[in-house]
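Remarks on the structure that follows.
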Amino acid sequence: MVQAIKRDEVYIEPEGIYVETHQPERRSRKPPLLLVHGVLTGSWLWSSFAAYFAERGWEAHAMNFRGHYTSDLADLASTSMRDFADDIGVAIRQLGRPPVVIAWGMGALATLLYAERNPVLGLVLLAPSPPAAALPRRPDDEELKSVPDVYDARWWGWIAPTDELRSGLPDLSEGELSKMQEMLAGARESGSARRERMLGVEVDPSRINVPTLVIGAGLDDVIHPSEARMTADLLGGTYEYFASASHFGLVMGSATWPEVAGSVLGWLEERRHAMNAALAGAGAGIGR
4 MVQAIKRDEV YIEPEGIYVE THQPERRSRK PPLLLVHGVL TGSWLWSSFA AYFAERGWEA
64 HAMNFRGHYT SDLADLASTS MRDFADDIGV AIRQLGRPPV VIAWGMGALA TLLYAERNPV
124 LGLVLLAPSP PAAALPRRPD DEELKSVPDV YDARWWGWIA PTDELRSGLP DLSEGELSKM
184 QEMLAGARES GSARRERMLG VEVDPSRINV PTLVIGAGLD DVIHPSEARM TADLLGGTYE
244 YFASASHFGL VMGSATWPEV AGSVLGWLEE RRHAMNAALA GAGAGIGR
């Protein structure tokens with residue numbers, strides 16, 4: 004049953020991390036969801052997802068990494084993937100209990116770095132940046148040197164004439180393409196973290212023992228679905244594939260995100276009682 008929701012926002016000090024919350028009007032015993040964005044984006048990416056889950060009884064908290072969207076500015080030139088993982092820890096500290104983390108792109112890899120050292124109840128990784136063991140290839144020196152210390156969406160290729168973008172994002176409407184470019188216009192990203200991902204970020208899958216769902220997108224020109232599949236295999240997780248979804252379409256394309264969200268919801272509902280039992284049994288010491 005769809006229910007009314009409450010929206011709020013939290014600014015976490017002293018780290019300066021900003022979180023948007025969507026909560027069901029009625030209290031729920033379901034685990035909290037933490038939504039983690041990827042490269043150049045922010046909590047705005049999750050507006051449809053967050054409302055969808057809150058309307059179905061799941062409180063959803065969409066965070067922003069340091070230097071992204073409404074969180075405080077940061078020295079992105081020196082920001083690392085481990086720094087982003089620490090930001091996830093700040094958001095979870097505010098929640099006061101381990102969540103299920105739903106993460107996209109770069110945010111998924113930062114989530115794995117967090118989860119190998121800290122308790123979470125489950126992981127949903129959409130088009131995840133692959134850890135080192137799932138990287139298809141290593142870059143050469145020229146490729147690494149070509150990455151600026153701080154880059155923007157134009158350098159990344161996400162601000163361009165609409166006709167060019169539409170070919171890679173066919174599941175986004177004209178309005179969604181316009182919103183994407185508007186929200187990305189002032190965004191900046193860490194080149195240091197980008198080079199880390201290119202070289203390979205080590206993750207120990209033996210330390211991540213929670214229910215895991217990995218989702219690949221057939222039209223993704225950023226994270227090939229074969230890379231998502233390799234990440235799922237590495238983690239011993241469930242893999243789902245959406246042939247008609249693009250990288251952004253997974254989370255904000257009206258032609259595709261409802262199907263993706265519905266699949267994630269079904270996966271969560273099947274496991275929520277076990278997740279609640281794990282939380283009650285292990286308290287703050289939950290591991291994998």
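Every number in my numbering is 3 more than the matching position in the sequence shown, counting from 1. Every residue, glycine too, gets a C-beta built ideally from N, C-alpha and C. Please read all numbers here as calculations on a predicted model, not as lab measurements.
Which two residues bound the contiguous alpha helix (DSSP H) that contains residue i?
| i | result |
| --- | --- |
| P228 | P228 to L238 |
| K9 | Segment I8 to I15 is the beta strand (DSSP E) holding K9; no alpha helix (DSSP H) there. |
| I91 | M84 to L98 |
| D75 | No alpha helix (DSSP H) holds D75; DSSP gives it neither H nor E. |
| E179 | E177 to L187 |
| V254 | G252 to M255 |
| F56 | S50 to E58 |
| T114 | M109 to A118 |
| L147 | D144 to K148 |
| G171 | T165 to G171 |
Applying the criterion that 16 or more other CB atoms from any shown protein chain within 10 Å of the CB defines a buried residue, is residue i buried or exposed?
| i | result |
| --- | --- |
| V5 | exposed |
| R197 | buried |
| D78 | exposed |
| D223 | buried |
| G41 | buried |
| R10 | exposed |
| P164 | exposed |
| A111 | buried |
| A188 | exposed |
| A80 | exposed |
| P122 | buried |
| A190 | buried |
| E273 | exposed |
| R200 | buried |
| R120 | exposed |
| D152 | exposed |
| A280 | exposed |
State the Cα-Cα distance for the pair residue i and residue j, rounded to the nearest angstrom.
| i | j | result |
| --- | --- | --- |
| I91 | F68 | 8 Å |
| V39 | A65 | 6 Å |
| G290 | N212 | Only weak support exists for where G290 lies, its pLDDT of 38 falling under 50; the value from the coordinates is given anyway. Roughly 7 Å between the two C-alpha positions. |
| F56 | E145 | 43 Å |
| A136 | E28 | 43 Å |
| R210 | G269 | 26 Å |
| P208 | Y154 | 30 Å |
| A118 | A88 | 9 Å |
| R141 | R169 | 29 Å |
| L202 | D174 | 31 Å |
| L76 | R157 | 20 Å |
| V225 | W61 | 29 Å |
| A94 | D143 | 36 Å |
| V206 | W260 | 28 Å |
| A106 | L128 | 5 Å |
| R232 | A130 | 9 Å |
| R96 | R30 | 20 Å |
| S181 | D166 | 12 Å |
Skipping 5 residues on each side, what residues in its chain have a beta carbon closer than 7 Å to that of residue i?
| i | result |
| --- | --- |
| V263 | I218, F245, A248 and L253 |
| T82 | R69, G70, S193, S195 and A196 |
| S176 | S257 |
| L282 | P34, R100, P101, L124 and I289 |
| L179 | Per the sequence shown, the amino acid found at residue 179 is Glu instead of Leu. The residues are M255, G256 and S257. |
| S51 | M255 and W260 |
I think residue i touches residue j, with their Cβ atoms under 8 Å apart; what is that distance to the nearest whole Å?
| i | j | result |
| --- | --- | --- |
| V204 | M84 | 5 Å |
| H25 | A53 | 4 Å |
| G99 | S132 | G99 to S132, Cβ: 28 Å. No contact. |
| E230 | P139 | 6 Å |
Please return the same chain residues whose Cβ sits closer than 6 Å to the Cβ of residue i, not counting the five positions on each side in sequence.
| i | result |
| --- | --- |
| G288 | Confidence at G288 is low in this model, with a pLDDT of 45, below 50, so its placement is unreliable and the value that follows should be read with caution. Contacts found: none. |
| V103 | P34, L36, L124 and G125 |
| Y21 | Y14, N67, T73 and S74 |
| M186 | W47 |
| E23 | E12, S46 and A65 |
| L172 | S249 and F251 |
| T215 | L126, L238 and G240 |
| D86 | none |
Span of the beta strand (DSSP E) holding residue i?
| i | result |
| --- | --- |
| E18 | Segment: none, E18 is in no beta strand (DSSP E) and carries neither H nor E. |
| S193 | R191 to S193 |
| D155 | V153 to D155 |
| T44 | No beta strand (DSSP E) holds T44; DSSP gives it neither H nor E. |
| A137 | First-last for A137: undefined, no H or E at that position. |
| E243 | T241 to F245 |
| G219 | T215 to A220 |
| L129 | G125 to L129 |
| A292 | Outside the modelled stretch of the chain, which goes from 4 to 291, sits residue 292, for which no answer is possible. |
Are the C-beta of residue i and some C-beta of chain B separated by less than 9 Å?
| i | result |
| --- | --- |
| S257 | Going by chain labels, chain B is absent from the structure shown, which holds only one protein chain. |
Which same chain residues end up closer than 8 Å to residue i when comparing Cβ atoms and leaving out the 5 residues on each side of it in sequence?
| i | result |
| --- | --- |
| H276 | none |
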